[in-house]
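> According to full-length UniProt numbering, the sequence shown holds residues 1 to 284 in order.
Ideal Cβ positions, reconstructed from N, Cα and C, are used throughout, including at glycine.
Just so it is clear, the structure is predicted and the values come from calculations on it, not from any experiment.
Below: one structure in structure tokens.
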Amino acid sequence: MSPPRLILLTAFAMIPLAANSWLCRAALRDTAIDAASFTSIRLISGALMLWLLVWLTGKARAGAGNWPSAFALFGYAALFSFAYLSLTAATGALLLFGAVQVTMIGLGLRGGERLDSVQIGGVALAFGGLVGLLMPGLSAPPLGGALMMIGAGMAWGVYSVRGKGAGDPIRVTAGNFLLAVPVTALLSLFTLANVSVDALGAGYAVASGALTSALGYALWYRVLPMLRSTSAATVQLSVPVIVAIGGVALLGEPITLRLVLASAAVLGGIALVILERDRIRGRR
Numbered sequence: 001m002s003p004p005r006l007i008l009l010t011a012f013a014m015i016p017l018a019a020n021s022w023l024c025r026a027a028l029r030d031t032a033i034d035a036a037s038f039t040s041i042r043l044i045s046g047a048l049m050l051w052l053l054v055w056l057t058g059k060a061r062a063g064a065g066n067w068p069s070a071f072a073l074f075g076y077a078a079l080f081s082f083a084y085l086s087l088t089a090a091t092g093a094l095l096l097f098g099a100v101q102v103t104m105i106g107l108g109l110r111g112g113e114r115l116d117s118v119q120i121g122g123v124a125l126a127f128g129g130l131v132g133l134l135m136p137g138l139s140a141p142p143l144g145g146a147l148m149m150i151g152a153g154m155a156w157g158v159y160s161v162r163g164k165g166a167g168d169p170i171r172v173t174a175g176n177f178l179l180a181v182p183v184t185a186l187l188s189l190f191t192l193a194n195v196s197v198d199a200l201g202a203g204y205a206v207a208s209g210a211l212t213s214a215l216g217y218a219l220w221y222r223v224l225p226m227l228r229s230t231s232a233a234t235v236q237l238s239v240p241v242i243v244a245i246g247g248v249a250l251l252g253e254p255i256t257l258r259l260v261l262a263s264a265a266v267l268g269g270i271a272l273v274i275l276e277r278d279r280i281r282g283r284r
């Protein structure tokens, strides 16, 4: 693939990842759908679309879903939805992304990886950015929603680490989505008294599951093998920025100075860890 086309595909692949935040926030803010129903419709429509993609490829590939990964996927999707009852799209995306990266770094350390002084400084900067965002004040996000989004990021971090080397990513993701369906059905059953679904809210949930999740992941996995690991990691730093821009343009959300400073700290700190890791590997 030519470099210009690869750059274009990579940039385009970030939009569906960002659009999940826009769709979820818009649905829970502007329609009658409840968070549990949004989660269930998203996961069910995502499972259907992913298995359609598996069927259309028509090739026998290795890989299948598993229950631990399915529970991590469900935990991410459910906490993501409930968090967006109170968070803006931009704040939610920053908390999610920061928690994902910190979790993956932490799991790497547990597995034997080591950080040098520059990387430790990067982790401290990113963590400080998250703490600064959550400190009490007029522009602080609601604590309950923030903690749920951090939990969603931790679940997605675990899911991502578990998925490395598990086989064909589309087939594995399809299997995990399918296994998550009965779990999310139980969530909807337990919250049956609060069920509220309208056509627009359901449409947002289907779009989030079938388009920005299933097709978005498929596009990302199409691009990912052609990128260096560092490039793949650093390009994802753009997602919270894209979400913030879309939040202003599409949802009319404000951007506060606290959010700008926290974003600079979190994204800058993570970038230090990623780039330093690549530099160290280049010396070996």
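On the three-state DSSP scale, how would you describe N66?
In the sequence shown, counting from the first residue as 1, residue 66 sits at position 66. Here N66 sits in coil by DSSP.
> For T191, does the three-state DSSP call read helix, strand or coil?
As a first step, residue 191 must be located in the sequence shown, where it is residue number 191. T191: coil per DSSP, three-state reduction.
> Measure from the alpha carbon of T57 to the alpha carbon of each residue in P169, P182, G252, then state which is nearest.
Residue numbering aside, residue 57 sits at position 57 when the sequence shown is read from its first letter. Answer by Cα proximity: P169.
> For I15, is the beta carbon positioned less than 7 Å from some heavy atom of the ligand SAM?
For the ligand SAM, the structure offers nothing, since it holds no ligand at all.
> Give the single residue among L107, Q101, V206, R25 whose Cα lies nearest to the Cα of L125.
Walking along the sequence shown from the start, residue 125 turns up at place 125. Taking only the C-alpha atoms, the option nearest L125 is Q101.
> Report yes if the C-beta distance between A244 and Y159 is below 8 Å; otherwise report no.
Taking the first residue of the sequence shown as 1, we reach residue 244 at position 244. Taking the first residue of the sequence shown as 1, we reach residue 159 at position 159. Not closer than 8 Å, so no.
> In or out: P141 buried (at least 16 other Cβ within 10 Å) or exposed?
As a position in the sequence shown, residue 141 is number 141, starting the count at 1. It counts as buried.
> Just verifying my parser: in three-state terms, what is the DSSP assignment at G216?
Counting from one through the sequence shown, the residue named residue 216 turns up at place 216. Of the three classes helix, strand and coil, the one that applies to G216 here is helix, per DSSP.
> Give the secondary structure of V197 by DSSP, where H, G and I count as helix, E and B as strand, and everything else as coil.
As a working mapping, residue 197 is identified with position 197 in the sequence shown. Coil.
> Can you tell me the Cβ-Cβ gap for A83 and G145, rounded? I've got them flagged as a contact below 8 Å.
The residue labelled residue 83 in the question sits at position 83 within the sequence shown. The residue labelled residue 145 in the question sits at position 145 within the sequence shown. Sure, about 5 Å apart at Cβ, within 8 Å.
> Just to confirm, are T88 and R42 a CB contact at a threshold of 8 Å?
If you number the sequence shown from 1, residue 88 lands on position 88. If you number the sequence shown from 1, residue 42 lands on position 42. Taking 8 Å as the Cβ cut-off, T88 and R42 do not qualify as a contacting pair.
> With burial defined as no fewer than 16 other Cβ atoms inside 10 Å of the residue's Cβ, what is the status of S69: buried or exposed?
Counting from one through the sequence shown, the residue named residue 69 turns up at place 69. Buried, by the Cβ-count rule.
> What's the C-alpha gap between A197 and R29?
Here residue 197 refers to the residue found at position 197 of the sequence shown. Here residue 29 refers to the residue found at position 29 of the sequence shown. For the sequence presented, residue 197 should be read as Val rather than Ala. Looking at the two C-alpha atoms, the distance is approximately 13 Å.
> How should W55 be labelled, buried or exposed, when 16 other C-beta atoms within 10 angstroms of its C-beta is the threshold for buried?
Residue mapping note: residue 55 aligns to position 55 of the sequence shown, counting from 1. W55 comes out exposed.
> Consult DSSP for S37 and reduce its assignment to one of helix, strand or coil.
In the sequence shown, counting from the first residue as 1, residue 37 sits at position 37. Correct three-state label for S37: helix.
> Taking the continuous alpha helix (DSSP H) assigned at A146, which residues delimit it?
Counted from its first residue, the sequence shown places residue 146 at position 146. Start and end: 143 to 163.
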